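Using this note's numbering, the letters of the sequence shown map in sequence onto residues 2 to 438. Remarks on the structure that follows.
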Amino acid sequence: MNYFIPRGFWYGLYLVIIVGPLFALLAGKPLPGRGLWWEFSSAMGFMSITAIGMQFALTARFKKATAPFGIDIVYYFHKYVGLLVCGFAVIHPAIIFLAHPTTIALLNPVTTPLRFKAGIISALAIVSLVVVTVVRRRFNIEYDNWRIWHRVLAVVAILAAIGHIAGVGYATQEPWKRTFWAALGLMWAWLVLYMWIARPFLVRRRPYVVEEVKGERGDNWTIRIRPKGHEGIRFLPGQFAWLSIWHSPFAMKDHPFSIASSAGRIPALEFTIKERGDFTRRIKTLSPGETVYVDAPYGSFSCDRYPAEAFVFVAGGIGAAPVMSMLRTLADRTDKRPLVLFYANKQWERAAFREELNELKERLDLRVVHIIENPPPGWQGESGFINAEMIARHVPEARGRQFFICGPVPMMDVCEKALRRLGVPVANVHSELFDIV
């Protein structure tokens, strides 16, 4: 698998598409009487429309484009770009209203021309999209419903914006400019068709069937699935997949889960999933023979991508799933490199994989350091939360190791700060943000 198209290429391509309309704005004959603030407002509007169009590209799951960064980082970038898009969409009309107060009359939905109604609709769709996303967890908006509305509002915003641009006519007054915007529109249409039709179609052609559902400690459930009528997928240990369970891939109700099984034991795949919400609480009701659809593999969180003489893993709770994939794979390869696993849990009795980790210590040069937040009476191991002193105590040569961290965001933040204190190079620290949706 050759994932390594340089990051710089993707940075450059993204920036060219985002700022391209600004060059189109500057080129050609300027219209009289617009002034600096009007031009600046137009620039904000163009940045808004191209940025929201590229939001589709960021979530289209192009493996070549996401691999150099990690798809979890791409999704977080997508979130913050959304806030920026919202800012552009608000600044665009606000500048005109401040510089030319009489234009506030254009906000009247009854009297304003259709081209300005389209602009208002686009701005309202963008603001609504961001607001609903920000408050989703606070108001317990169901994820699958939010996701559908998220996409619908994005499409409405971009279609209305294109209508606004075409209606105003300033950016389409010359043939080459019309060609430029037509090309952008076709690219965005292709992205939507790929995301909503082409990719689900390809995933649906390669179904999996449930073989086993097994309970684990800590309200975790392991499901094992096997390809039906095809050879399955190859993946790097630590990568993840999007699973469509109880629904067709066209329903847009897939969820991301780390692959927990060994990369050397394909075509079967295993996922260990914690009960956290309405969807994951139903995992235990799966029965052997049910159909599951898999869109994979994704992610750059893998020891195979970062060759080293030794590895250190830090896992919190179910964040151990991708780490287990790496450990199981290394064991199947009879790998002899020294390994350390810091495994943090709230209670000892809820720590998944305990027995298997003991078995893996017989097959690997593996040291497991359990960290229990609320330890039982008589506990002799580490307790509380991971910190720099704890890492240094068990890995005195930390600077030369490759670290892989996966777990709750607060734990990951603390661990990354601790590693900086210990002088571990940033390039040696790899994190997986499993809560990316």
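Glycine included, C-beta positions come from ideal geometry on N, C-alpha and C. On a predicted model such as this, the values are computed, not experimentally measured, just so you know.
query, result
"Mark residue 3 as exposed unless 16 or more other C-beta atoms lie within 10 angstroms of its C-beta, in which case mark it buried.", "Here the model assigns residue 3 a pLDDT of 47, short of 50, so the residue's position is not dependable, and the following value carries that caveat. Counting Cβ neighbours within 10 Å, residue 3 comes out exposed, since fewer than 16 surround it."
"Is it buried or exposed for residue 288, if we count other Cβ within 10 angstroms and need 16 for buried?", "exposed"
"Would DSSP call residue 201 helix, strand or coil?", "helix"
"Could I get the ranges of all uninterrupted alpha helix (DSSP H) runs contained in the segment 60-140, with 4 residues as the minimum, in chain order?", "64-67, 72-100, 115-136"
"Indicate the three-state DSSP secondary structure (helix, strand or coil) for residue 397 in the structure shown.", "coil"
"What separation, rounded to the nearest whole angstrom, lies between the Cα atoms of residue 433 and residue 377?", "29 Å"
"Can you give the beta carbon distance from residue 225 to residue 213, rounded, assuming they're within the 8 Å contact cut?", "5 Å"
"When the Cα atoms are used, what is the spatial distance from residue 329 to residue 236?", "13 Å"
"Determine the extent of the alpha helix (DSSP H) in which residue 360 is found, giving its start and end residues.", "355-364"
"DSSP three-state call for residue 208: helix, strand or coil?", "strand"
"Rounded to whole angstroms, what's the CA-CA distance from residue 269 to residue 392? Just pull it up for me.", "35 Å"
"From the DSSP secondary-structure annotation, give me the bridge partner or partners of residue 414.", "Answer is none; residue 414 lacks a bridge partner."
"If distances are taken between C-alpha atoms only, which option among 386, 323, 70 comes closest to residue 8?", "70"
"Out of 293, 196, 347, point me to the one whose CA is closest to residue 59's CA.", "196"
"How far does the beta strand (DSSP E) with residue 282 in it extend, from its first residue to its last?", "Unbroken run through residue 282 is the alpha helix (DSSP H), 279-282; no beta strand (DSSP E)."
"Taking DSSP as the reference, what is the three-state secondary structure of residue 402?", "coil"
"DSSP three-state call for residue 1: helix, strand or coil?", "In the structure as shown, the chain starts at 2 and stops at 438, and residue 1 therefore has no counterpart that could be examined."
"Only counting the same chain, and skipping five residues up and downstream in sequence, which positions put a Cβ closer than 7 Å to that of residue 107?", "113, 117"
"In three-state terms, what does DSSP make of residue 53?", "helix"
"What is the DSSP secondary structure of residue 217, counted as helix, strand or coil?", "strand"
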